[in-house]
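Protein chains in written order, with UniProt numbering: chain A, 1 to 293; chain B, 1 to 326.
I have placed the structure first, in the form of C-alpha cells, so that the comments after it can refer back to it.
Below, the structure is given as C-alpha cells:
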C-alpha cells in the first residue's frame, strides 16, 4: 500500500485531557502505513472561543499553523472537529478574500512566514476514508467488531456548516444524514446504531457558562444511543468525547435518567479492528470505563 | 424546443397529523405519490390537501421564498417548502420522506405551529432602527455601499423560524433569544444610522437569554433558507460586546479571553488554568470530575504543561496582531 504522509495538527486536548486520542492516532497511522509529521510549532486554534474575542488574532494564528503545513508541502490533518472547523474556516476566509489574506500575511512576515493557501485541511476521519478507502480498511481488519452495536456520534464541526465541509474531502457528507462514521463502523465489522441524536450537539462549548444546557444535550445523546441498544459510542471529536465520557453524572441528573456508556475515539475503534494492542490505544484513560475488552 | 424531460418517481410520505382541538396525541398519516422532477415540497403539501385530505393544514402565502410562511421539517431538516425541490430532497434522503411541523411541541394543527415564542423574542431585541432623527432634514442620511455591506445580508431574513426551531438551545431553554433574534439584533447593531448601541447589546450579554448560551452547533446556519448564517452574526455580536466595552466579567467572557492569555503563555491551551480563570472560586464545583480525570491520566500538572515550539513567534504575533481589550 502506498505510504501516505500528512502534517498532523494535534490540537490541545490530545496532549492534555485526551492522551488516549494521541496514542490511538499514532497506533492507527502505523498500522495503515501513514506517516504523520507533527506540527510541533502549531498553536491552539482558538476553539471557537478566541474567535469571539479577537477574530483577527485567531486568523493570524490559524494561518500560521497552516503555513507550517505548507512548509512541509503536506496536507494538514486534524484530529479534533473544532480544530478542523476553525482551521478550515480560516483557510476559506483567506482564500476568498485577497485583502484579508494580505493583512494576515503582513503579520506573518514579522516572523518570516507566509500563508499561501497551498495545503488542504482535512479531518483524519475523511483522510482515512478518502485516501485509503473503506474497502482497503475492510481488508485490513483482523478483529471484526461483529459482536458490538456501535453508536456513531458525529460532532457538529465535522458536518456543519456543510458548505465549508464540502471544500475538503468529505464532500458527500449530508449533515442531516451523515454516513462516514457509520460506514467506518461497518468496515470494522460492527453494527451501527441509528438514533436521532447522532448528528446533534454534545453541548461541550457551553459547559462552563450554561452547564444545564450542556448536560441535557449530552444526556440526550447518550440516552438516544442506549435506547438504540448501543454497546458503546464512537466519535471523531475529542471535545464530544470529553463531554460524553466525563460528565455522565451531570448528564444523568439533568435528564433524570442514568446514562453511561463507553465512549471511544474513532481512532480507538479502528485500532481495535486493525489489531492494535489495547495498551497502544489508551483505553485505560477513559472515565466511563471501557469494559468490553 | 426544450429537450428537458420531466421524470416521475414514487415517494412514500409520512406526514405528521395533529389537531389540538380534537386530538390528544399526534399521529402520522402515510401517503404514496408519484412526484415529478419539477415539483417543490409545497406542491406536495398542496396535493395532500387538494387531492387526498382537505382537512390537512399548513401555512403558505407567497410561493416565492420571501414570506417565510411555509417552513416545515423534512426528515428533520428545516425546509422552506416553496423553495426546496423534491428532486433535491429525494437525492438527499431517498424515497421515504417524513413531513413534520418546525416544532412538534408547538403544533396547533398539522404543519401549523404557534410561533408566539419566536415573535416575543423577535420583539425583545428592539428590532427597529433607533435614531434621533431630524424631522426636517436638509439632506438624506446616506449609507455608503461599504457601510451597507456591514449588515452582511442580515436584512434578508424572512423570519420563517427555520433557524429558531432548528436551534437545540431554543428547544431546552425558554429564555434563549435564538438565532433569528440575534440575526435581527445584529442587523440594527451593524447599521450606522442606529443609535441604540450598547442598550441593545446589553440584552445580548445577559446570561441564559444572550449570545453566550449559543452552543456553536451551526444548526442555524444549515437551516437558513436565505443563507444568512445566523451563527456568523452571533460571533459578530460577541466581538461587538468586547469592542463596545459591554462585556462584563462573567464565566463566559473570561472563557473567551482566557484563550488569548493561554496562547500567549504556552502557544497551546492550558486547560486547567483556563477553567480556573473562567470560573474563579466556583472552580470547586469541578473538583469531583477533575479528580476522576486525574486518576485516569487526563490532567496535566502545571510543571508538565506542553508548549508550542517557536513560542517566541506566537508571542510576537499575539502582541502585534491583537487589538481586543477586556
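Every residue, glycine too, gets a C-beta built ideally from N, C-alpha and C.
Kindly identify the DSSP beta-bridge partner or partners of residue 121(A).
76(A)
Three-pair Cβ contact test at 8 Å for the region 48-56 of chain A versus the region 231-245 of chain B
yes
Residue 309(B) touches chain A at which residues, Cβ-Cβ below 8 Å?
40, 41
Identity of the residues DSSP links to residue 96(B) by a beta bridge
12(B)
Check whether the region 268-282 of chain B and the region 297-307 of chain B touch, using three or more Cβ-Cβ pairs below 8 Å as the test.
Output reads yes: the region 297-307 of chain B touches the region 268-282 of chain B.
Check distances from the C-beta atoms of the UniProt domain "Cysteine-rich" (151-245) of chain A to those of chain B and list, in chain order, the residues that come in under 7 Å.
Within the UniProt domain "Cysteine-rich" (151-245) of chain A, the residues whose Cβ lies closer than 7 Å to some Cβ of chain B are 156, 160, 161, 162, 174, 175, 176, 177, 200, 201, 203, 205, 206, 208, 209, 210, 213, 216, 217, listed in chain order.
Select from the region 40-62 of chain A all residues with a C-beta closer than 7 Å to any C-beta belonging to chain B, and list them in chain order.
Taking 7 Å as the Cβ-Cβ cut-off against chain B, the residues of the region 40-62 of chain A that qualify are 40, 41, 42, 43, 44, 46, 47, 48, 49, 50, 51, 52, 53, 54, 55, 56, 57, 60, 61.
Status (buried if at least 16 other CB within 10 Å, exposed otherwise) for residue 319(B):
That one is exposed.
According to DSSP, is residue 133(B) part of a helix, a strand, or is it coil?
coil
In the DSSP assignment, find the unbroken beta strand (DSSP E) run with residue 235(A) in it and report its ends.
Its beta strand (DSSP E) spans residues 232-235.
Would you mind stating whether residue 242(B) and residue 47(A) have Cβ atoms separated by less than 8 Å?
no
How about the region 1-21 of chain A and the region 66-80 of chain A: do they share at least three Cβ pairs that are nearer than 8 Å?
yes
Same chain, Cβ closer than 6 Å to residue 156(A), five either side skipped, listed in chain order:
Excluding positions up to five away in sequence, the list reads 201.
Inter-residue spacing [alpha-carbon to alpha-carbon] between residue 219(B) and residue 137(B):
44 Å
Against chain B, with Cβ distances strictly below 8 Å, would residue 83(A) count as a contact?
no
Output yes or no for whether 8 Å exceeds the beta carbon distance between residue 228(A) and residue 151(A).
One thing to note: residue 228(A) has its Cβ within 8 Å of the Cβ of residue 151(A).
Residue 196(A) and residue 224(A) closer than 8 Å at C-beta:
yes
Residues of chain A with a CB under 9 Å from the CB of residue 209(B): which are they?
Those do not exist, as residue 209(B) stays about 11 Å from chain A at its closest Cβ, beyond 9 Å.
Option in 247(A), 112(A), 264(A), 135(A) with minimal Cα separation from residue 286(B)
247(A)
Where residue 216(B) and residue 205(A) are concerned, what is the direct C-alpha to C-alpha distance, given to the nearest angstrom?
7 Å
What residues of chain B sit near residue 25(A), judged by a beta carbon separation below 9 Å?
The contacting residues do not exist; residue 25(A) stays about 16 Å from chain B at best.
Taking 8 Å as the CB-CB limit, is residue 298(B) close to chain A?
yes
Check whether the region 80-92 of chain A and the region 30-48 of chain A touch, using three or more Cβ-Cβ pairs below 8 Å as the test.
Under the three-pair Cβ rule at 8 Å, the region 80-92 of chain A counts as touching the region 30-48 of chain A.
Give the DSSP-derived three-state secondary structure of residue 293(A) in the structure shown.
Three-state DSSP puts residue 293(A) in coil, outside helix and strand.
Which residues in the same chain have their Cβ closer than 7 Å to the Cβ of residue 240(B), if we skip the five residues on either side of it in sequence?
189, 201
Go through its chain and collect everything with a Cβ distance to residue 257(A)'s Cβ below 8 Å, but skip five positions before and after it.
Answer for residue 257(A): 219, 223, listed in chain order.
Of the listed residues 13(A), 66(A), 23(A), 26(A), nearest to residue 39(A) (C-alpha basis):
66(A)
Closest by CA to residue 138(A), which one among 118(A), 183(A), 116(A), 97(A)?
183(A)
Are there 16 or more other CB atoms within 10 angstroms of the CB of residue 203(B), so buried, or fewer, so exposed?
buried
On the DSSP bridge assignment, give the partners of residue 5(A) in chain order.
Residue 5(A) is bridged to 35(A).
Which first and last residues belong to the alpha helix (DSSP H) in which residue 156(B) is found?
Element bounds for residue 156(B): n/a, residue is neither H nor E.
Opening and closing residue of the beta strand (DSSP E) in which residue 228(B) lies
If you look at residue 228(B), you'll find it isn't in any beta strand (DSSP E); DSSP assigns it neither H nor E.
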